[in-house]
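Undergrad: Got a structure here, written out as structure tokens. Questions coming.
Protein chains: 2
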Amino acid sequence: MRYSRMFGKTSFEAPHDADSVNAKMLAQGGFIDKVAAGIYTHLPLGLRVLQKINAIIREEMNKVSGQEILMPALHPMELWKQTGRDATMIDILYKTKASGDRDFVFGPSHEEVVTPLAAKYVRSYKDLPFALYQLQTKFRDEPRAKSGLLRGREFGMKDMYSFHTTVEDLDKYYEEVKAAYLRVYERCGLRAYVVKAGGGAFTDQYTHEFSVITPAGEDTILVCDSCKTAENVEIVKDASKCSTCGGPVVSEKAVEAGNIFKLGTKYSEPCNLYFTDSDGKRKHVIMGCYGIGNTRMVGTIVEASHDDNGIIWPLSVAPFRVHLISLGKDEAVNAAAEKMYNEMLAAGVEVLFDDRDESAGKKFKDSDLIGIPVRVVLSGRTLEKNAVEWKLRSGGEAEIVGISEVLKKVADL
Amino acid sequence: MRYSRMFGKTSFEAPHDADSVNAKMLAQGGFIDKVAAGIYTHLPLGLRVLQKINAIIREEMNKVSGQEILMPALHPMELWKQTGRDATMIDILYKTKASGDRDFVFGPSHEEVVTPLAAKYVRSYKDLPFALYQLQTKFRDEPRAKSGLLRGREFGMKDMYSFHTTVEDLDKYYEEVKAAYLRVYERCGLRAYVVKAGGGAFTDQYTHEFSVITPAGEDTILVCDSCKTAENVEIVKDASKCSTCGGPVVSEKAVEAGNIFKLGTKYSEPCNLYFTDSDGKRKHVIMGCYGIGNTRMVGTIVEASHDDNGIIWPLSVAPFRVHLISLGKDEAVNAAAEKMYNEMLAAGVEVLFDDRDESAGKKFKDSDLIGIPVRVVLSGRTLEKNAVEWKLRSGGEAEIVGISEVLKKVADL
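Line by line, the protein sequences give chains U and E. Here the first sequence stands for residues 1 to 413, numbered as in this note's numbering. Here the second sequence stands for residues 414 to 826, numbered as in this note's numbering.
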């Protein structure tokens with residue numbers, strides 16, 4: 001992609017209401033555009049990051065036999081009356097009326113749709129277990145909507161729901177998904193802790209959150225770095241019990257990056273989701289549910305990985321792999337840069353080519369802000385040596401690399 | 414994928430309210446599940462088809478330099494007041510109130526978001542032209558919601574918006590997109606006509622629709638097969654003028670499968686989208702917009718490609734390439750089928766493996782209904798010959814193919 005043609009350029013004016021690093025850098029870098037509090041457009045750069053995160057999530061959910069579906073956002077109110085969440089979640093529900101005066105809810109979650117769906121197909125224990133997931137938009141009328149992608153009113157989520165014959169089978173699958181979630185964070189360049197948490201509006205039982213430590217976090221968790229356990233301060237009665245090894249416990253700010261719940265029969269009871277067991281008895285299906293906010297993840301990565309000059313994208317989710325920059329107006333330099341750009345495209349390298357007529361200072365500043373893993377610069381000075389300047393966004397000195405070696409070095413990243 | 418583990422099985426009971434072939438076959442085949450009138454869940458089989466259509470659409474939009482973004486579904490009402498469509502489209506708008514009593518609309522279209530977005534970045538003629546597109550859900554309170562995927566209240570759409578300095582530049586790009594749209598239909602196995610159409614609520618100017626001829630169509634178009642021109646009966650004053658060659662004109666039922674509009678300055682005026690031209694003058698940006706209903710396309714393909722027994726998916730959008738079926742309880746047959754299934758997976762072949770303990774009749778009936786392009790059957794009789802039975806869903810006789818040749822034959826499809 002040529003930066004000169006790309007929609008959504010950098011801006012060196014921070015949004016006046018940016019209350020967090022991700023809000024500031026994602027807006028200034030041209031990744032997102034704010035439409036209203038908690039409501040954003042993902043611009044070309046930002047959508048590329050989101051799609052990479054989505055691909056990682058899909059791969060890991062497929063590995064634990066999740067089957068992808070897509071449920072609607074519009075839910076008839078009757079479904080929510082059935083579970084009683086029309087009342088318990090009333091503060092965050094977006095409601096609307098359709099023609100004929102029927103009431104609808106814009107889904108803040110999908111238990112009310114997926115449980116009746118399962119009830120249409122599940123008859124016997126032979127139909128179980130299975131897990132369904134989707135990447136779908138959620139709508140929550142969030143009074144504390146934060147600037148940036150950490151707490152939105154409209155946001156993307158991967159939500160998975162699992163269906164089992166026994167609590168033991170749920171327990172086993174729950175641990176598999178916990179491991180899959182930790183792989184998702186690791187692949188996205190994040191270090192996440194599993195912490196026990198309160199259930200909130202979604203369940204009465206204990207739940208687990210995945211927390212990524214960053215100064216901008218809205219949660220406080222108690223972490224023991226010796227035994228790697230952590231607990232949310234909200235549910236801790238005795239801080240000394242947060243460490244299973246008796247080591248020192250530190251309070252840290254963290255961002256919630258996902259959560260998983262053992263639902264049991266909380267939804268299968270009101271939604272009449274039964275199965276006939278091998279003993280011939282009719283029983284309620286045991287359920288679990290598992291959520292990762294994928295748009296929030298974009299913001300979380302920025303909170304966890306940046307410096308004063310901008311974002312530092314992990315390679316796995318970076319919008320491009322290489323930021324190619326040509327400096328000056330010299331025709332030979334520009335021709336060499338064009339040639340390298342075309343060779344990279346031909347080799348399937350994801351490259352952003354800053355072909356604008358701008359100063360070196362402006363191009364370097366933009367490049368730091370956007371945060372692509374490798375900066376490759378072609379100038380009169382480097383061309384004299386038939387070389388480029390190669391610099392990693394994550395740090396270290398710039399080095400001079402021969403033009404003929406660049407493609408190999410990119411492949412080796 | 415093993416059919417025994419797949420969520421969403423076939424059903425031989427048609428939905429009581431199925432008013433079209435696509436509603437009936439997609440529901441019976443386990444592709445979709447109805448949540449309310451015009452509101453559906455895409456099950457694993459159906460989502461696979463949708464994702465293939467999406468991939469084709471993305472490729473063709475990228476070829477005409479479209480840049481993908483993702484705009485929100487929740488729009489502040491003020492944006493719609495600015496263009497006056499809060500009044501002109503009031504009948505189909507889903508409205509809601511957010512905390513603080515602010516009014517929002519769930520987007521039936523996105524001109525109200527994309528035009529102010531462009532206004533934030535466009536300054537000079539050098540910033541133009543460009544085109545932005547998204548694959549996003551649309552919400553329209555449609556009183557005539559039809560069963561199936563042809564006319565929904567919540568549906569998927571690819572909408573693209575282009576921005577130009579002159580009408581001539583728009584005209585040129587409009588023709589490029591027209592050609593790209595025809596490639597999308599062709600790649601999805603559809604034959605589409607371009608027809609002039611009325612503007613509806615979206616524009617005051619003339620527009621073009623893409624119509625696919627099928628008996629279930631809700632539009633009537635007048636087609637001259639000699640010169641391949643077509644017009645919508647709604648705007649035709651003199652039927653003899655529908656043919657540019659003077660040939661006979663036939664009235665056909667068609668499904669609208671997309672439409673494109675020259676918007677001119679209809680939205681850039683109320684949304685204050687200006688640019689400074691090379692002559693130094695401040696002018697309104699000239700816009701075009703281009704829509705394809707991607708979920709509707711799933712239904713359109715079924716309407717256009719089926720027989721009495723079920724769907725006949727074109728290879729390009731089929732949920733799987735091969736439907737592998739093992740017959741009987743013979744251990745050698747089952748072992749051979751398992752081996753072939755694993756070889757296909759290893760070779761990257763998309764295969765649905767019907768490994769259930771069901772009769773040949775039931776498996777064949779399901780296979781016809783689901784409509785995967787090739788049926789490969791392993792039975793005691795075929796195994797004796799170290800072969801399979803190979804049959805195309807689109808017709809023709811079954812043939813006996815040696816087991817060792819199956820993979821090559823699949824690759825050659």
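The C-beta atom is built at its ideal place from N, Cα and C for all residues, glycine as well.
At the level of alpha carbons, what is the spacing between U/Ser268 and E/Met700?
TA: Approximately 50 Å, taken between the alpha carbons.
Undergrad: Is it buried or exposed for U/Ala201, if we count other Cβ within 10 angstroms and need 16 for buried?
TA: Residue confidence is low: U/Ala201 scores 48 on pLDDT, short of 50, so the model does not pin down where it sits. Its coordinate-derived value is still stated next. Under this definition U/Ala201 is an exposed residue.
Undergrad: Suppose you measure from the CA of E/Ala531 to the CA of E/Glu812; what does that come to, to the nearest Å?
TA: So the alpha carbons of these two residues sit roughly 58 Å apart.
Undergrad: Check each candidate in E/Glu472, E/Lys778, E/Val814 and name the one with the smallest Cα separation from E/Arg600.
TA: Of E/Glu472, E/Lys778, E/Val814, the residue nearest in Cα terms is E/Glu472.
Undergrad: Apart from the five residues just before and just after U/Asp19, which ones in its own chain have a Cβ nearer than 8 Å to its Cβ?
TA: Only Lys146, Ser147, Gly148 meet the Cβ criterion.
Undergrad: Mind listing the chain U neighbours of E/Lys585? Cutoff is C-beta to C-beta under 9 Å, in chain order.
TA: Simply none; closest approach about 17 Å.
Undergrad: Listed in chain order, which residues of the segment 104-121 of chain U have Cβ atoms closer than 9 Å to some Cβ of chain E?
TA: Within the segment 104-121 of chain U, the qualifying residues are Phe104, Phe106, Val113, Val114, Pro116, Leu117, Ala118, Lys120, Tyr121.
Undergrad: Along the chain, which unbroken stretches of the beta strand (DSSP E) at least 3 residues long are found entirely within the segment 271-342 of chain U?
TA: Listed in chain order, they are 274-276, 282-284, 286-292, 322-326.
Undergrad: Can you tell me whether U/Val167 is buried or exposed? The criterion is at least 16 other CB atoms within 10 Å of its CB, across all chains shown.
TA: So U/Val167 ends up on the exposed side.
Undergrad: May I have a chain-ordered list of the beta strand (DSSP E) segments no shorter than 3 residues that lie completely inside the segment 439-474 of chain E?
TA: The qualifying runs are 445-449, 452-455.
Undergrad: Of the residues E/Pro457, E/Leu820, E/Tyr546, E/Glu771, which one's Cα is nearest the Cα of E/Met474?
TA: The shortest C-alpha separation from E/Met474 is found at E/Tyr546.
Undergrad: What residues in the segment 689-710 of chain E have a beta carbon less than 8 Å from any beta carbon of chain U?
TA: Listed by position along the chain: nothing, the set is empty.
Undergrad: Anything in chain E within Cβ reach of U/Phe139, meaning under 9 Å, just list it in chain order.
TA: Those are Ala486, Leu487, Thr509, Phe519, listed as they occur along chain E.
Undergrad: Let me make sure I understand the geometry here. Which of U/Lys362, U/Glu78, U/Gly66 has the alpha-carbon closest to that of E/Ala449?
TA: Of the candidates U/Lys362, U/Glu78, U/Gly66, the one whose C-alpha sits nearest the C-alpha of E/Ala449 is U/Glu78.
Undergrad: Could one say the Cβ of E/Phe543 lies closer than 7 Å to chain U's Cβ atoms, at least one of them?
TA: Output row for E/Phe543: interface = yes.
Undergrad: Flag this pair as yes or no: are the beta carbons of U/Val21 and U/Glu303 separated by less than 7 Å?
TA: For U/Val21 and U/Glu303, yes; Cβs fall inside 7 Å.
Undergrad: How many whole angstroms separate the CB atoms of U/Tyr161 and U/Cys289, which I take to be in contact at a CB cut-off of 8 Å?
TA: Between U/Cys289 and U/Tyr161 the Cβ distance is about 5 Å, and since that is below 8 Å, they are a contact.
Undergrad: So what does DSSP say about E/Arg833, is it helix, strand or coil?
TA: The structure shown does not extend to residue 833 of chain E, since chain E is modelled only from 414 to 826, so the question has no answer here.
Undergrad: Can you give the Cα-Cα distance for E/Tyr538 and E/Phe688, rounded to whole angstroms?
TA: Spanning the two alpha carbons is a distance of roughly 6 Å.
Undergrad: Going by beta carbon distance, what residues of the same chain come within less than 8 Å of U/Arg356, once the five residues before and after it are set aside?
TA: So the list reads Tyr3, Ser4, Lys363, once near-sequence residues are dropped.
Undergrad: Could you check if U/Ala332 is buried or exposed, using at least 16 other CB atoms within 10 Å of its CB as the buried criterion?
TA: The residue in question, U/Ala332, is exposed, as its Cβ has fewer than 16 Cβ neighbours within 10 Å.
Undergrad: Considering just the uninterrupted stretch of the alpha helix (DSSP H) at U/Arg381, what are its terminal residues?
TA: Per DSSP, U/Arg381 belongs to the alpha helix (DSSP H) from 380-384.
Undergrad: Going along the segment 440-464 of chain E in order, which residues come within less than 7 Å of chain U, judged by CB to CB distance?
TA: So the close ones are Asp446, Val448, Ala449, Ile452, Tyr453, Thr454, His455, Leu456, Pro457, Leu460.
Undergrad: State the Cα-Cα distance for the pair U/Leu413 and E/Leu676, rounded to the nearest angstrom.
TA: In a straight line, the C-alpha of U/Leu413 is about 46 Å away from that of E/Leu676.
Undergrad: Closer than 8 Å, Cβ to any Cβ of chain E: which residues of the segment 59-70 of chain U, in chain order?
TA: For the segment 59-70 of chain U, which is checked against every Cβ of chain E, the residues closer than 8 Å are Ser65, Gln67, Glu68, Ile69, Leu70.
Undergrad: Check whether the segment 99-106 of chain U and the segment 454-469 of chain E touch, using three or more Cβ-Cβ pairs below 8 Å as the test.
TA: The segment 99-106 of chain U vs the segment 454-469 of chain E: no contact.
Undergrad: If contact means a Cβ-Cβ distance below 7 Å, which residues of the segment 144-161 of chain U contact chain E?
TA: Listed in sequence order: Arg153, Glu154.
Undergrad: Check whether the segment 365-379 of chain U touches the segment 320-328 of chain U, taking contact to mean three or more Cβ pairs, one atom from each stretch, closer than 8 Å.
TA: In short, these stretches touch, since the Cβ pair count reaches three.
Undergrad: Which class does E/Met757 belong to by DSSP, given the choice of helix, strand or coil?
TA: Here E/Met757 sits in helix by DSSP.
Undergrad: Measuring from the CB of E/Ser792, is there a heavy atom of the ligand GDP at a distance below 6 Å?
TA: Questions concerning the ligand GDP fall outside what the structure shown contains, since it holds no ligand whatsoever.
Undergrad: Residues in the same chain with beta-carbon distance under 8 Å from U/Tyr121, minus the five sequence neighbours each way, listed in chain order, please.
TA: Contacts found: Asp127.
Undergrad: How would you list, in chain order, the residues of chain U whose beta-carbon sits under 7 Å from the beta-carbon of E/Phe420?
TA: Within 7 Å Cβ-Cβ: Gln67, Tyr121, Phe130, Leu132.
Undergrad: Excluding the five sequence neighbours on either side, which residues of its own chain have a C-beta within less than 6 Å of the C-beta of U/Lys391, listed in chain order?
TA: For U/Lys391, where only same-chain residues beyond five positions count, the Cβ hits under 6 Å are Arg375, Ala398.
Undergrad: Quick check: what's the CA-CA separation for E/Val663 versus E/Ala629?
TA: Those two C-alpha atoms are separated by around 16 Å.
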